[in-house]
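Undergrad: Numbering-wise, the sequence shown is residues 1471 to 1764 according to my numbering.
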Amino acid sequence: MRYNTLKLLIILFIGIGNCSAQLSDLAKIDYTRLPKGNSDVGYDRLRGLFNYPIKVNEGSFFLVGLDYSKIELSFDSGIEDFDINTIEDFQLLDLNIGYTFKMNENWRFGARFTPGFSSNLVKNLSFEDAVFSGDIVFIKDKRHDDKVAKPYQLILGVSYSGNRGIPFPLPFISYYRKFHPNWSYKLGVPKSNLQYHLSKKSRFKLVAELDGFTSNIQDGLLVNSDEIADKINMSIIIGGLRYEYKFTDHLELYLNVSNILNSSATLKDRKNNSIISVNKNNTYYFRSGIRFKI
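(1) Whole beta strand (DSSP E) runs in the region 1654 to 1736 with 3 or more residues, listed along the chain?
(2) Near Ala-1735, which residues of its chain fall below 6 Å by C-beta distance, leaving aside the five closest residues on each side in sequence?
(3) I'd like the list of long-range same chain contacts for Thr-1584, defined as Cβ closer than 6 Å, with 5 residues on each side in sequence excluded.
(4) According to DSSP, is Ile-1549 part of a helix, a strand, or is it coil?
(5) Can you name the start and end residues of the beta strand (DSSP E) that Gly-1632 belongs to?
(6) State whether the region 1547 to 1556 contacts the region 1568 to 1585, with contact taken as three or more CB pairs (one from each stretch) at a distance under 8 Å.
(7) Measuring alpha carbon to alpha carbon, tell me which residue in Tyr-1713, Val-1677, Lys-1763 and Lys-1540 is nearest Ile-1730.
(8) My output table needs one value for Ile-1541: the three-state DSSP class, helix, strand or coil.
(9) Quick one: what's Ser-1744 bridged to in DSSP?
(10) Ile-1486 to Leu-1624, Cα distance in whole Å?
(11) Alpha carbon to alpha carbon, how far is Gln-1688 from Leu-1626? Give it in angstroms, no decimals.
(12) Let me check understanding here. Comparing Cα to Cα, which of Gly-1709, Arg-1582 and Pro-1651 lies closest to Lys-1661?
(13) Would the beta-carbon of Ser-1672 fall within 8 Å of that of Tyr-1715?
(14) Since Val-1607 contacts Gly-1586 with CB under 8 Å, what's their CB separation in whole angstroms?
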């Protein structure tokens, strides 16, 4: 019981980092690899994201875009509890619809609604494949204010994601401060990091964050000859080193090399009850990509 409570708290305080990233990223392509190692499942994800801002008036924008992921799971061939071929490939597609405007000199409002689907796609899409997400945030950004001695950014709000596997909204809090010409930190709900600014173009980060997905299994999956799994959930909590290099103020290359702090791969029924968990003694996590951000 204490372990489950601790795990939920970790997810609450680390695991909803997509909110701020998706609100600021205009385009992104990245690749994630979680080698199988001594576990029974490995994880590969190719992701592409594109958002297009439409100016409404001074300081106000609509944002429309797509976020697509192709996920491949590599199971140990010795697994006999279920047919591994049925759940090796998943596809996720989200439609991003956002709006942001400047409330006053200090605060900006942002909202995002994201309908989409997450499925193994062995047949045509249905409503069971649908997922819905949304965010409402208030942003106070003083990172580029010459009147502020120590630049900072504060984001407050609420976030809900059908892909997260938690069926209720979660608070969203993020506080960034640059306390030294070469050092800054970010604390909060989505993710925490400590940054060393090597130069104006490159920096290193010590990071802790969550990756993973939840997806529908079309037609269900027979488990242990007597139970049907309708969903799969994979959660990965990582801690490690991230390097970022800026080609311009908005175009950035990044590379993550991390250790797995906790991971789970679980098959669930339609009521979200766990049926079976797969052995997940993964050790390393690699992620790289390039993004164009606000």
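Even glycine gets a Cβ: it sits at the ideal position worked out from N, Cα and C. Every value quoted in this text rests on a predicted model; they were computed, and no experiment measured them.
TA: Here's the rundown:
(1) Within the region 1654 to 1736, the complete beta strand (DSSP E) runs of at least 3 residues are 1662 to 1667, 1672 to 1693 and 1697 to 1716.
(2) Val-1511, Met-1704, Val-1748 and Lys-1750
(3) Asp-1564, Asn-1566 and Ser-1603
(4) coil
(5) No beta strand (DSSP E) contains Gly-1632, which DSSP labels as neither H nor E.
(6) no
(7) Per the Cα distances, Val-1677.
(8) The DSSP-derived three-state label of Ile-1541 is strand.
(9) Lys-1738
(10) In this prediction, Ile-1486 has a pLDDT of 41, which is less than 50 and means its spatial position is unreliable; nothing more can be read from the coordinates.
(11) 37 Å
(12) Minimum Cα distance to Lys-1661 is reached at Gly-1709.
(13) Taking a C-beta distance under 8 Å as the contact criterion, Ser-1672 and Tyr-1715 qualify as a contact pair.
(14) Not confirmed; about 20 Å, so no contact.
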